[in-house]
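Visitor: Starting off with a structure, shown below.
There are 4 protein chains.
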Amino acid sequence: MDLTPSLKAQELHKKLAAFMDQSIYPNEKAYAEQLHMAKDRFAILPLMDELKAKAKDAGLWNLFCPEEFPQYCAHGGLSFVDYAPLAELMGRVVWAPEVFNCNAPDTGNMEVFMKYASDAQREKWLTPLLNGYIRSSYAMTEPQVASSDATNIELSIVKDGGEWVLNGRKWFITGAMNERTKIFIVMGKTDPENANRHKQQTQVLVPKDTLGMSIVRPLTTLGYDDAPIGHAEIVFDNVRVPLENVLLGEGRGFEIAQGRLAPGRMHHCMRLVGAAQRSLELACKRAVSRSTFGRPLSKHQSVREEISRSFSEIEMARLLVMKTCKQIDEQGPMQTTDMIAATKTTVPLLVQNVIDRCMQLHGAGGLTEDYFMAEAFNYARWCRQADGPDQVHQMALGKQIIDRFAE
Amino acid sequence: MDLTPSLKAQELHKKLAAFMDQSIYPNEKAYAEQLHMAKDRFAILPLMDELKAKAKDAGLWNLFCPEEFPQYCAHGGLSFVDYAPLAELMGRVVWAPEVFNCNAPDTGNMEVFMKYASDAQREKWLTPLLNGYIRSSYAMTEPQVASSDATNIELSIVKDGGEWVLNGRKWFITGAMNERTKIFIVMGKTDPENANRHKQQTQVLVPKDTLGMSIVRPLTTLGYDDAPIGHAEIVFDNVRVPLENVLLGEGRGFEIAQGRLAPGRMHHCMRLVGAAQRSLELACKRAVSRSTFGRPLSKHQSVREEISRSFSEIEMARLLVMKTCKQIDEQGPMQTTDMIAATKTTVPLLVQNVIDRCMQLHGAGGLTEDYFMAEAFNYARWCRQADGPDQVHQMALGKQIIDRFAE
Amino acid sequence: MDLTPSLKAQELHKKLAAFMDQSIYPNEKAYAEQLHMAKDRFAILPLMDELKAKAKDAGLWNLFCPEEFPQYCAHGGLSFVDYAPLAELMGRVVWAPEVFNCNAPDTGNMEVFMKYASDAQREKWLTPLLNGYIRSSYAMTEPQVASSDATNIELSIVKDGGEWVLNGRKWFITGAMNERTKIFIVMGKTDPENANRHKQQTQVLVPKDTLGMSIVRPLTTLGYDDAPIGHAEIVFDNVRVPLENVLLGEGRGFEIAQGRLAPGRMHHCMRLVGAAQRSLELACKRAVSRSTFGRPLSKHQSVREEISRSFSEIEMARLLVMKTCKQIDEQGPMQTTDMIAATKTTVPLLVQNVIDRCMQLHGAGGLTEDYFMAEAFNYARWCRQADGPDQVHQMALGKQIIDRFAE
Amino acid sequence: MDLTPSLKAQELHKKLAAFMDQSIYPNEKAYAEQLHMAKDRFAILPLMDELKAKAKDAGLWNLFCPEEFPQYCAHGGLSFVDYAPLAELMGRVVWAPEVFNCNAPDTGNMEVFMKYASDAQREKWLTPLLNGYIRSSYAMTEPQVASSDATNIELSIVKDGGEWVLNGRKWFITGAMNERTKIFIVMGKTDPENANRHKQQTQVLVPKDTLGMSIVRPLTTLGYDDAPIGHAEIVFDNVRVPLENVLLGEGRGFEIAQGRLAPGRMHHCMRLVGAAQRSLELACKRAVSRSTFGRPLSKHQSVREEISRSFSEIEMARLLVMKTCKQIDEQGPMQTTDMIAATKTTVPLLVQNVIDRCMQLHGAGGLTEDYFMAEAFNYARWCRQADGPDQVHQMALGKQIIDRFAE
C-alpha cells in the first residue's frame with residue numbers, strides 16, 4: 001500500500017504551500033474585514049476574485065479534477081491519494097478552497113457534469129464552472145425526511161407538457177444564495193411507486209432564476225451563516241424546466257447520488273485534517289507565547305499531553321484518509337464503502353475534539369473570529385451531519401463488519 | 001444535607017414554570033424574528049419589554065436577590081438552594097433570564113452595588129438596575145493577560161486632580177453594547193507596585209458616555225454575537241471619572257472581584273442544567289416523531305442509551321450544583337471554593353456534551369436556530385472559558401485536594 | 001430532599017471510621033499474606049474471624065439490616081440514606097464488608113429470608129447467616145441466556161414425588177465455593193409455558209451438600225478469583241429438595257428477584273464510591289511523595305487536573321447514590337427504577353475510570369497487589385456486568401425517559 | 001510512503017496465518033488447562049515445546065530478527081514494516097509469540113546480544129536463545145525511582161577485585177521466574193557522579209544462579225501473573241560477576257537501553273493491534289449468536305455503532321504502527337522518536353478501550369478466561385505503564401511538537 005502521491009502532485013503541493021504562505025494566510029484579516037463590511041454577505045468579495053486570478057495563473061486551479069477526466073484540467077488529473085494532501089493544505093483556511101476552484105459543493109457538482117451530463121449540458125454549465133465564472137448548488141436534503149437515505153427524498157418531479165414540474169422543499173442547499181450561483185442540480189422523485197426503490201429518483205437541472213423557486217432563508221449552524229457560500233432553505237412551487245434538463249435519464253437519480261457523495265465525504269475529511277493540523281500549530285505557538293502562574297503554557301505537563309494527544313490523533317486521521325483514498329484509487333468507491341464510512345464517521349468528530357482542545361488553550365479569545373479555529377470547529381461539527389448523521393453510516397458499516405467476521 | 005428549597009421558593013417555582021409555559025416558550029419564535037429584523041441588534045426588543053412588565057406584575061422579578069438583602073426585592077430574598085431551581089427553569093430559554101431581571105452580568109453587578117457601594121452610588125445605579133430600566137457591565141477581562149488570575153489585570157487607574165484616569169483595554173465585556181447599558185464597573189490597578197498583590201487593584205464606576213471609552217467591536221463566540229446583550233472589546237483612553245466613583249475604596253478591587261465571581265459561576269451552572277434538561281426533552285420528543293430505516297428513533301437501542309446517559313449526567317450535574325449551593329448557604333462562598341471549582345469545571349463541559357448528543361439526534365436541523373440547542377451549546381462552551389479557563393480552576397482545586405489527603 | 005443520615009447512622013459512621021482506622025487498614029497486608037499462604041483459597045482466614053468478632057463486639061454488625069426489619073439487628077434498622085455512607089466506608093477495602101457481615105451476596109440473601117421466607121426457613125438459615133456462622137449463594141445467572149432478563153432463566157424445576165427436581169447450569173454464583181457456604185437460593189422455571197412470563201419462575205432452597213449439585217470451576221474476572229468468596233460455575237443434575245424448600249410459593253420467583261436486586265445494585269454502587277474515594281486519596285499521597293523530572297507529581301498541572309476531575313466525579317457519583325437512596329426510602333424501589341438504573345449504569349463506569357487514572361499515577365506498581373486499586377478496578381469493571389450489562393438497564397431507562405417527556 | 005511488506009514477508013504472513021489456524025487457536029483450551037494443572041506455573045508446558053518444534057520446522061522462527069542481522073535467522077531478516085503484520089497475527093493469542101521465539105523480553109534481549117555483545121557472549125547466550133533453548137530477562141525497572149528516565153536507575157555496580165559487585169532492587173523483571181531463564185541483562189550505575197548523566201550506567205550479564213540474586217515474589221497486574229513468563233521483584237545483594245560480563249563497555253549502559261527500547265515498544269503495539277482485531281472478530285461472532293429482548297445483538301443499533309467505532313479505531317491504530325515502522329526502516333529509531341512516542345501513547349489505550357467494549361458485548365462471560373479478551377485487556381492496560389507511563393512519553397512528544405511548530 002503505497003500512500004505516496006505522484007511526482008506531479010508533489011510539485012503541486014510545493015507550489016500550493018508557497019501560495020498559501022504568500023497569498024492566503026496574509027490575507028485572512030483582509031478577507032474577514034471585506035466580509036464584515038459587505039452589504040450583501042453572499043456577494044463576491046473583491047479579494048476572492050483577485051486571489052482566484054492569481055491561483056489560476058499559478059496553475060493551482062481545479063486541483064480536485066480526477067484522473068479519469070484529464071481533459072478538464074491543465075494538470076491532467078489527480079488521484080485521490082494525490083489530491084488529499086492538497087485538500088489538506090487548502091483546509092487550513094476555511095475559505096481557501098474556493099480560491100483554487102476546489103470548494104464544495106462546486107467540485108462535486110462539476111464531477112456530476114463530467115460523469116453524467118450531456119455535451120450540451122456540459123458546455124452550458126460545466127465550462128463556466130471550471131472557469132470559476134459561475135457557482136452551483138446540489139439540492140438533495142429535505143427537512144421533513146431522513147435524507148441520508150436517498151430513497152426517502154420526497155420532492156415531486158412530474159412530466160407535464162414537455163416539461164418537468166417540481167414541487168417540494170429542500171434545505172441545507174449549500175451555495176444557493178451566492179450571487180454567482182446559476183444552476184441547481186435537484187434530486188426528486190419521478191416514479192414514487194416504482195417497486196425498485198432505487199429507480200424512483202431523477203435529477204434535473206434548474207437554473208437559479210426559474211419561476212417558482214424561492215429561497216426561504218439562510219440557515220445557520222452554531223451561529224455561522226457560512227457566507228458568502230452559505231446554506232439555504234428553498235421552496236419549489238410548480239417550478240418548470242424543459243425535459244432536456246434531466247441528468248443522465250429519468251429514474252437514474254439514485255445512481256448519480258451514489259457516484260457524487262463518496263468523493264464529497266472524502267474531500268471534507270481531507271480538509272478537516274488540515275483544519276486540525278493548523279489548530280495544533282496555533283496551539284503550539286500559543287503555548288510558547290502565553291504564561292500563566294509564572295510559567296509559559298508550553299512547560300505545563302497538561303499542555304504537553306494535549307499537544308501530544310492532538311498530534312497523534314491527527315496522524316491517525318490523516319492515515320485513515322490516505323488509506324481510504326488509496327483503496328478508492330485502486331478499487332473504486334463502490335468497493336471502498338467500509339473505509340469511506342470509517343473515515344466519514346471518525347475524522348470529523350476527532351477533528352472537532354482536537355480543535356476544541358486547541359481553542360481552550362487560547363482562552364476566551366479562542367472562541368472568537370480572531371482565530372481560524374471557531375469557524376473550523378463549526379465545520380467539523382457540521383460534517384458529522386453532512387451527507388447523513390454519522391450514526392446512519394455507522395449502522396451500515398457495523399452491519400458490514402459483523403457480516404464479514406461472523407461467518 | 002437538606003437540598004429542599006424553602007416553601008416560598010417552591011411557590012415561586014410553580015409560578016415561574018407556569019409563566020415559562022404561557023409567556024416564554026410560545027414567544028421564542030417571535031423573539032427570534034424581532035431580533036432578525038432589528039436594525040440595531042443591540043437595541044431593546046419590544047417583546048422583551050412586554051414580557052418584563054408581565055413578569056414584574058407576576059412577582060417574578062429579581063429572583064436572584066440574595067437573602068441577606070431582603071430590602072431589595074419583593075420576595076424577601078432567596079438562598080442559593082432556593083434560587084438554583086428557578087435559575088434552572090430560566091436557563092431553558094437563552095434570553096429568558098432577562099425577562100425576570102436575572103440575567104448576567106446585571107445580577108452580579110447588582111450584588112456588587114448591594115454589598116460594596118455607597119448610598120449615593122446605590123441610589124444612582126442600583127435602583128434603576130433593580131427596576132430593569134438600565135443595564136450594566138463588568139469590565140475585568142483583558143486580552144493580553146490571563147485574567148482568570150485577577151492580579152494580572154493591567155488597566156491603569158491613576159489619581160489625577162480629583163479624578164481617576166483610566167487607560168487600558170478590556171474584552172468580553174458582556175452587555176457593553178446594549179442600548180440600555182449605562183454604567184461600567186471597571187477593575188484596574190491603582191498601585192501596581194504594592195508588595196501585597198491583592199491590594200493593587202481598585203474598581204471604579206464609569207458611566208457609558210464617558211469621554212475616552214470606546215467600543216472597538218462586538219465579539220463573537222462560535223459565530224454568536226449574543227445580541228442584544230453581547231460581548232465587547234473596549235479601549236479606555238484617558239477616561240476620567242470623579243474620585244467618588246470608587247467602589248468600596250482604593251486597593252479593594254480584588255476583594256470585590258472575589259465576592260462577585262463565585263455567585264456568577266454558580267448562576268451559569270444553574271442555568272446550564274436547565275439548558276441540558278430542555279435539550280434532553282427535545283431529544284425525547286424527536287425520538288418519537290422521527291423514523292429512520294423503518295423504526296422510530298425511540299426504538300433504536302443507541303438512542304435509548306444516549307437518552308439514558310444524558311438523563312443520568314443531568315441528574316449528577318444538578319446534584320453537584322445543589323450541594324454546592326447548600327454549602328455556600330451554610331458556610332459562605334469562601335469556605336466552598338472546592339465545590340464551586342468542582343461545579344464550574346464539570347457542569348459546562350458535561351452540558352456541552354449532553355447538548356451535542358441531543359443536537360445530533362435532530363439531524364442537520366439540530367445545528368440551526370430552529371432549536372434552542374445550538375445557542376445553548378455555545379453558551380456551555382463559552383462557560384468553559386468564562387471567569388477563567390477550567391484548567392485554572394482545576395489547578396487550584398487539584399492542589400487543594402492533594403493538600404487535603406496527602407497529609 | 002434531605003440527604004442527611006439519621007443521628008444513629010452518624011454515630012455508627014464515626015465508630016465504623018475508627019474501626020477501619022484501627023483494625024482494617026493496618027491488617028490489609030496481613031490479610032493478603034494469609035490468603036497467599038492459604039492452601040485452600042476458599043477457606044476461612046483466621047484474621048477474618050478475629051475481625052468479625054471484634055466488629056460484632058463493637059456493635060458494627062449487620063449494618064445493612066433495613067429499617068423495616070428492626071428485629072434482626074441490634075441497631076434497630078437503617079434506611080438507604082443511613083446505610084450508604086457506611087457502605088462507602090466499607091468499600092474502601094475490598095474484603096472489609098464481610099467483617100461487618102455486610103458482604104454480597106449474603107446481605108441480599110438475608111433480605112430475601114427476611115421478606116419472603118417461612119419461619120422455619122428463617123430459623124434454619126437466617127439466624128446463622130445473621131450471626132455470620134454460615135454463608136449463602138444466590139443462583140440466578142445462566143451462561144447460555146441473557147440472565148439480566150429474569151424471564152429468560154432456563155434451569156428446570158419439576159415437582160416429582162414430594163420433591164423439587166432441579167436440572168440446569170448456573171454461573172457467576174458468588175460465594176459458592178466458600179467453605180462456610182451452606183445454602184443456595186436457586187431460581188428456575190416451574191411453569192415455562194405459563195402465558196404470564198412473570199409467573200413461570202420459582203425459587204427454592206438447596207443446601208450445599210445436596211446430591212447432584214457440583215461446582216464445575218471457579219470463575220475469574222480480569223484474573224481475579226475473588227477468593228475466599230469467589231464466583232462459581234455450577235451444574236444441577238437431578239438435584240432433589242423437599243417441597244417445603246420453596247420460597248414464598250410456586251410461581252413467585254420473579255417477584256422475589258425483583259425485590260432482591262434493587263438493593264443489591266445500590267449496595268455495589270455505595271461501596272464503589274468508597275473504592276474511588278480511597279483511590280483518590282492514595283493518588284494524592286502518591287502525588288506528594290513521588291518526583292519525576294525534578295518536580296513532585298503534585299506540581300504537575302496534568303496531575304492536578306486529574307485529581308480535580310476525580311474529586312468532582314466522585315462527588316457526583318456519591319450524590320447520585322444518595323438521591324436514589326432517598327427516593328427508595330420515601331417511595332420504595334418500584335417507584336425508583338429510573339434512578340436505580342441511572343445509578344447502576346453510571347457509577348461503576350465512572351469509578352472504573354477514576355481508579356484507572358489513580359492507578360496510572362502510581363506507575364507500574366499501581367497495577368499490582370501492592371495497592372488496593374487493581375482489585376477495586378476489577379470490582380468496578382465487574383459491576384458493569386453484574387445484575388445485567390449496563391446496556392440492558394440503559395434500554396429500560398431510555399425508554400422510560402422518552403415516554404416521560406415525549407407525551 | 002509505501003507500507004507494503006516485502007514479498008518474503010507476505011509469504012511468511014500466509015504461512016503464519018495458516019499455522020495460527022491449524023495449531024494455535026485449536027490449542028488455546030489445552031494450553032489453558034495445562035497451565036491450570038501445572039504444579040509450577042513458571043515451568044515449561046509440554047504443549048509449548050511441541051508447538052515450538054512445529055513452528056521451527058515450518059520456518060516460522062525468529063521472525064523478529066531484523067534485516068541488519070541476516071546471519072541470525074533462516075529467513076534472512078525482516079524490516080519493521082515486514083514484521084508488523086506478523087507480530088499482529090501472533091498478538092491474536094497472548095501466548096503465541098513464544099511459539100515462534102518472538103516473545104518479549106527475549107526478542108529485545110537477543111537484539112541486544114546481536115548489537116552489543118562480544119563474540120564470546122554471543123556464543124554463550126545468543127545461540128541458545130535463538131534456538132529457544134533458554135530464556136532471558138532484562139532488569140532495568142526499579143521500584144523506588146521513576147525508571148522511565150533511565151538516568152534515575154540506582155542499582156549499584158562496583159568494580160572490586162576483578163569482579164562487578166551488584167547491589168539493589170529491581171521489579172517487573174519479565175521472564176525472571178521462568179524455569180528456562182538462564183541469563184539476566186542488568187542495568188545499573190558504575191559511575192553515579194559522572195557529570196554526563198548518560199555515562200553513569202553500565203549493563204552487565206548475570207547468570208540466573210548467581211549467588212546473592214534472589215527473586216522476592218511474582219508480581220501481578222490486574223490479577224494476572226502472566227505465567228509461565230511472568231514479572232518478578234528481585235533483590236541483588238552483593239552479586240558478583242566477572243569483569244568480562246560487561247556489555248559493550250563500562251559507562252555505555254544508557255546507549256544500550258536507548259537502542260533496545262524503541263523496538264520493544266513497537267512490538268507491543270503490533271501485537272496489541274492483533275489483540276484488538278481478534279476481540280472485534282469475537283464481538284462480531286457474538287453479535288449474531290446472542291439475542292436479547294427478541295433480537296440478535298447484531299440488529300441493535302448500539303452494537304453496530306460500537307462495532308463500527310472499533311473497526312475504525314483499529315484501522316487507525318494499525319496505520320499509526322505501520323507509518324512509524326516505515327519511518328524507523330528508513331531513518332532509524334533515533335529519527336523516529338516522535339512517531340514512536342505517538343504510537344506508544346496511543347495504541348495501548350485505544351486497544352484497551354476496544355477490548356473493553358468487546359468484552360462488554362459478551363456479558364459476564366466476557367471478563368472470564370473463557371475468552372482471550374480479559375487477558376488481552378490486562379496486556380493493553382499494562383503496556384500503558386511498560387517502558388514508562390504514557391505521560392512521560394507525552395511530555396517528551398508534546399515538547400518536541402511545540403518546538404517544531406512554535407518557531
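Residue numbers (the UniProt record's numbering), protein chains in the order written: chain A, 1 to 407; chain B, 1 to 407; chain C, 1 to 407; chain D, 1 to 407. Ideal Cβ positions, reconstructed from N, Cα and C, are used throughout, including at glycine. These figures come from a predicted structure and were not determined experimentally.
(1) So, for D/L280: in the same chain, excluding its five sequence neighbours on each side, which residues have a beta-carbon less than 8 Å away from its beta-carbon?
(2) Are the Cβ atoms of D/P228 and D/A18 separated by less than 8 Å?
(3) Could you give the residue range of the beta strand (DSSP E) that holds D/P5?
(4) Can you give the Cα-Cα distance for D/T345 and D/A262, rounded to whole angstroms?
(5) At the 8 Å Cβ level, is C/H362 part of the contact set with chain A, yes or no?
(6) Within 8 Å (strictly less), CB to CB, does C/V204 reach chain B?
(7) Taking DSSP as the reference, what is the three-state secondary structure of A/S137?
(8) Short of 6 Å in beta carbon distance, which residues of its chain neighbour C/I134, apart from the five on each side in sequence? Order them along the chain.
(9) With a threshold of 7 Å on Cβ separation, who are the neighbours of C/F172 within its own chain once the five nearest residues in sequence on each side are excluded?
(10) Should the region 377-396 of chain D be regarded as contacting the region 265-272 of chain D, the criterion being three or more beta carbon pairs within less than 8 Å?
(11) Let me see if you follow: with CB-CB separation under 8 Å, is B/D40 close to chain E or not?
(12) List the endpoints of the continuous alpha helix (DSSP H) containing D/R265.
(13) If contact means a Cβ-Cβ distance below 9 Å, which residues of the region 372-393 of chain B contact chain A?
(14) Leaving out the 5 sequence neighbours to the left and right, which residues in its chain are closer than 6 Å to B/C325 when beta-carbon positions are compared?
(15) Let me know if A/A257 comes out buried or exposed under the rule of 16 or more other beta-carbons within 10 Å of its beta-carbon.
(16) Tell me whether the region 33-43 of chain C and the region 97-113 of chain C touch, counting them as touching only if at least three CB pairs, one residue from each stretch, are closer than 8 Å.
(17) Mark B/L211 as exposed unless 16 or more other C-beta atoms lie within 10 angstroms of its C-beta, in which case mark it buried.
(18) Can you find the residues in the same chain that come closer than 6 Å, C-beta to C-beta, to A/D387, ignoring five residues on each side of it along the sequence?
(19) Could you compute how far the alpha carbon of D/M177 sits from the alpha carbon of D/R41?
(20) For the region 296-324 of chain D, list every residue whose C-beta sits within 7 Å of some C-beta in chain B, in sequence order.
(21) Please compile the residues from chain A whose C-beta is within a distance smaller than 9 Å of the C-beta of B/G132.
(22) Could you work out which residues of chain B lie near C/L3, taking near to mean beta carbons separated by less than 7 Å?
(23) Please state the DSSP three-state secondary structure of D/W125.
(24) Could you please give the first and the last residue of the uninterrupted alpha helix (DSSP H) stretch that includes D/I355?
(25) Interface residues of chain B around residue 408 of chain C at Cβ under 8 Å?
(26) On the premise that B/I185 lies in contact with B/A139, defined as a C-beta separation below 8 Å, what is that separation, rounded to the nearest angstrom?
(27) Determine contact between the region 94-104 of chain C and the region 20-32 of chain C, defined as no fewer than three beta-carbon pairs at a distance below 8 Å.
(28) Between which residues of its own chain and D/G294 is the CB-CB distance below 7 Å, once the five residues before and five after are set aside?
(29) Counting only Cβ-Cβ distances shorter than 7 Å, please list the residues of the region 133-148 of chain C near chain D, keeping chain order.
(30) Contact check, A/K52 vs A/V99 under 8 Å by CB: the rounded distance?
Guide: The short version:
(1) Translated into positions along the fourth sequence, residue 280 of chain D becomes position 280. Closer than 8 Å at the Cβ level, and outside the excluded window around D/L280, lie I307, S310, F311, I314, V354 and C358.
(2) For the purposes of this step, residue 228 of chain D is identified with residue 228 of the fourth sequence, where counting begins at 1. For the purposes of this step, residue 18 of chain D is identified with residue 18 of the fourth sequence, where counting begins at 1. Not in contact: D/P228 and D/A18 (Cβ atoms no closer than 8 Å).
(3) As a position in the fourth sequence, residue 5 of chain D is number 5, starting the count at 1. Unbroken run through D/P5: none, as it is neither H nor E.
(4) In the fourth sequence, the residue the question calls residue 345 of chain D occupies position 345. In the fourth sequence, the residue the question calls residue 262 of chain D occupies position 262. About 13 Å.
(5) Working through the third sequence from its first residue, we reach residue 362 of chain C at position 362. With 8 Å as the cut-off, C/H362 does not count as an interface residue toward chain A.
(6) Here residue 204 of chain C refers to the residue found at position 204 when the third sequence is read from its first residue. So no, C/V204 is outside the interface.
(7) By 1-based counting over the first sequence, the position of residue 137 of chain A is 137. Strand.
(8) Residue mapping note: residue 134 of chain C aligns to position 134 of the third sequence, counting from 1. So the qualifying residues of the chain are P128, R180 and K182.
(9) Position 172 of the third sequence, counted from the first residue, corresponds to residue 172 of chain C. Excluding sequence neighbours, C/F172 sits near T141, L219 and H231.
(10) yes
(11) Note that chain E does not occur in the displayed structure, where the protein chains are A, B, C and D.
(12) The sequence position of residue 265 of chain D within the fourth sequence is 265, counting from 1. G253 to S289 is the span of the alpha helix (DSSP H), which, as asked, contains D/R265.
(13) A374, E375, F377, N378, R381, W382, R384, Q385, A386, G388, P389, D390, Q391 and V392
(14) Taking the first residue of the second sequence as position 1, residue 325 of chain B is located at position 325. Answer for B/C325: F80, V81 and A84, listed in chain order.
(15) Stepping through the first sequence from its first residue, residue 257 of chain A is reached at position 257. That one is buried.
(16) no
(17) Taking the second sequence and counting its residues from 1, one reaches residue 211 of chain B at position 211. Burial call: exposed.
(18) Mapped onto the first sequence, residue 387 of chain A falls at position 387. Once the five neighbours on either side are set aside, the close Cβ partners of A/D387 are L261 and R265.
(19) As a working note, residue 177 of chain D is residue 177 in the fourth sequence. As a working note, residue 41 of chain D is residue 41 in the fourth sequence. Going from the Cα of D/M177 to the Cα of D/R41 covers about 9 Å.
(20) H300, Q301, S302 and E305
(21) Looking up residue 132 of chain B in the second sequence gives position 132. Within chain A, no residue comes near B/G132; the closest Cβ sits about 27 Å away, beyond 9 Å.
(22) Counting from one through the third sequence, the residue named residue 3 of chain C turns up at place 3. The contacting residues are M1 and L3.
(23) Stepping through the fourth sequence from its first residue, residue 125 of chain D is reached at position 125. In the structure shown, D/W125 sits in a helix (DSSP, three-state: H, G or I).
(24) Here residue 355 of chain D refers to the residue found at position 355 of the fourth sequence. T337 to Q360 is the span of the alpha helix (DSSP H), which, as asked, contains D/I355.
(25) With chain C covering 1 to 407 only, the question about residue 408 of chain C has no answer from this structure.
(26) Position 139 of the second sequence holds residue 139 of chain B. Position 185 of the second sequence holds residue 185 of chain B. Yes, B/A139 and B/I185 are in contact; Cβ-Cβ is about 7 Å, under 8 Å.
(27) yes
(28) As a working note, residue 294 of chain D is residue 294 in the fourth sequence. Nothing meets the Cβ criterion.
(29) T141, P143 and A146
(30) If you number the first sequence from 1, residue 52 of chain A lands on position 52. If you number the first sequence from 1, residue 99 of chain A lands on position 99. Yes, they are in contact, since the Cβ atoms of A/K52 and A/V99 sit about 6 Å apart, within 8 Å.
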